[in-house]
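Going by my numbering, the first residue of the sequence shown is number -12, and it counts up by one from there.
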Amino acid sequence: MGMISANQIEIHKTTSSRLSQTDFHNLGFGKIFSDHMLVCDYHNGAWEKPQIVPFQNLSLSPATNFIHYGQSIFEGLKAFKCEDGKIRVFRPDANFNRMNLSAERLCMPQIPKEIFIDGLKELLLLEKDWIPTAEGSSMYIRPFMFSLDEEIRVRASDTYKFMIILSPSGKYYAAPVKVLVERQYVRAPKGGLGAAKTAANYAASLYPAKLAQQKGYDQLIWTDSTEHRYIEEAGTMNFMFVINDTLVTPVLNDSILAGITRDSILTLAREWGMKVEERKVSIEEVLQAAEKGLLQDAFGSGTAAVVSPIAVISDQGKEYVLPPVESRSFSLKIAEELKKIRMGLTPDTHGWVTTI
Ligand SMILES: *Cc1c(COP(=O)(O)O)cnc(C)c1O
């Protein structure tokens, strides 16, 4: 038995840290993992005590439920080691709440805050030397949960495993992307799983994304599943654009993932006195604005890149070229402000930052 932390988490430390062999100049994104991970199993209707153990492979029955039927959800957030030596995590409560919404949609048990939030804090403290400090780098945090029942029969599992792994990651450079409007396939249908952060949505997106890449595009703009007329998301991010100095984004529905970056951007823009519209956005509207030169900015928003500028939108054989990235005053300003908040360089007036 290992030591017990103040948060009642059992900690088993590794005897062979990989820290000194890790090249922090070549981290990439989501490729390298820290020495430890958090694990907590759900059995007989209750969560067991969480444990922090050395990062290691799992041993699973080939009949494990999630492998066959996809009861699997996840989250993604970041921690930063700041100039004042403190560790800051951006909006972990929002990720915690969203994970429990995903859990409900996938018939999985709710995760208690003591396991998700306290477990994350404990793990980050233990792994603090793994948090990179170079400009733009961060500790990418991946909480996830999957079903464990060992039985090949379609039904919601009775047992689950919740885990958190940490990936020290370098600057996520979001090169301006060429996107293709998807008019045939859907990422998530109306009434489907789109509002949950679940593996199935990513599985559904791979084939259409591959076809788009074969045609020379980086990503897709997903449209609604009934008419293929309204924009839902951009790749694996939320979609936003600026027209006539108004920030416009598709209103949330059950096939759009409620991004935390999306919410943060809308909140700041409103505070800055900018006009903000959350409503149905047709692809025609965006393309017409682009054609008339009224589309000032268009980007995907998400934790990894924060803002991912869209350079070209292609639809039905026609390409619409957007203004150069250097001229995108809104996305440049919002990315800078979010960076300052996350790094503790400006007062956190929204209570978004958890300091460890
Ligand atoms: C995670 C995710 C986003 C972005 O959410 P953030 O909380 O901003 O990181 C957007 N769309 C999809 C499909 C996602 O899975």
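We put the beta carbon where it would ideally sit given N, CA and C, even for glycine.
Residue j beta carbon less than 8 Å from that of residue i
i           : j           : result
residue 22  : residue 114 : yes
residue 122 : residue 158 : yes
residue 67  : residue 78  : no
residue 304 : residue 295 : no
residue 7   : residue -2  : no
residue 242 : residue 179 : yes
residue 112 : residue 128 : no
residue 299 : residue 309 : yes
residue 343 : residue 108 : yes
residue 20  : residue 98  : no
residue 163 : residue 297 : yes
residue 186 : residue 72  : no
residue 301 : residue 165 : yes
residue 51  : residue 169 : no
Among the options, nearest to residue i - alpha-carbon criterion
i           : options               : result
residue 189 : 34, 240 and 60        : 60
residue 272 : 290, 201, 180 and 228 : 228
residue 208 : 202, 201 and 217      : 217
residue 270 : 184, 246, 239 and 220 : 220
residue 200 : 46, 35, 268 and 222   : 222
residue 240 : 280, 110, 182 and 72  : 182
residue 171 : 313, 333 and 214      : 214
residue 40  : 25, 163 and 322       : 25
residue 131 : 53, 70, 155 and 203   : 53
residue 266 : 284, 281 and 236      : 236
residue 246 : 260, 226, 340 and 120 : 226
residue 259 : 307, 103, 42 and 320  : 320
residue 261 : 103, 278, 212 and 316 : 316
residue 277 : 251, 291 and 306      : 306
residue 38  : 314, 103, 211 and 81  : 103
residue 29  : 169, 135 and 333      : 135
residue -4  : 27, 15 and 14         : 27
residue 11  : 35, 202 and 120       : 120
residue 251 : 82, 212, 126 and 86   : 82
residue 16  : 144, 151 and 124      : 124
residue 198 : 46, 212 and 167       : 167
residue 146 : 333, 35 and 88        : 35
Length of the line joining the Cα atoms of residue i and residue j
i           : j           : result
residue -6  : residue 106 : 8 Å
residue 161 : residue -11 : 42 Å
residue 141 : residue 94  : 13 Å
residue 1   : residue 249 : 38 Å
residue 118 : residue 44  : 22 Å
residue 285 : residue 324 : 18 Å
residue 116 : residue 210 : 43 Å
residue 92  : residue 312 : 38 Å
residue 263 : residue 322 : 17 Å
residue 335 : residue 110 : 24 Å
residue 90  : residue 55  : 18 Å
residue 4   : residue 337 : 37 Å
residue 32  : residue 339 : 32 Å
residue 283 : residue 244 : 24 Å
residue 280 : residue 202 : 25 Å
residue 341 : residue 84  : 15 Å
residue 70  : residue 126 : 15 Å
residue 46  : residue 144 : 18 Å
residue 291 : residue 14  : 14 Å
residue 9   : residue 18  : 11 Å
residue 80  : residue 238 : 22 Å
residue 133 : residue 42  : 17 Å
residue 274 : residue 96  : 43 Å
residue 86  : residue 151 : 12 Å
residue 212 : residue 314 : 34 Å
* Is it true that the segment 192 to 199 meets the segment 228 to 241, where meeting means three or more beta-carbon pairs spaced less than 8 Å apart? -> no
* Contained beta strand (DSSP E) runs [length at least 3] in the segment 225 to 272, N- to C-terminal order -> 233 to 237 and 262 to 266
* Check whether the segment 161 to 178 touches the segment 60 to 75, counting contact only when three or more Cβ pairs, one atom from each stretch, lie closer than 8 Å. => no
* Enumerate, from N- to C-terminal direction, the unbroken beta strand (DSSP E) stretches of 3 or more residues contained entirely within the segment 15 to 43. => 23 to 30 and 38 to 41
* In chain order, each alpha helix (DSSP H) run of at least 4 residues that lies wholly inside the segment 71 to 99 -> 79 to 92
* Counting only runs of 4+ residues fully inside the segment 115 to 182, write out the alpha helix (DSSP H) ranges in chain order. => none
* Just checking, does the segment 321 to 336 make contact with the segment 249 to 265 on the three C-beta pairs under 8 Å criterion? -> yes
* Tell me the start and end of each unbroken alpha helix (DSSP H) in the segment 273 to 331 that is at least 4 residues and wholly inside, in chain order. => 316 to 329
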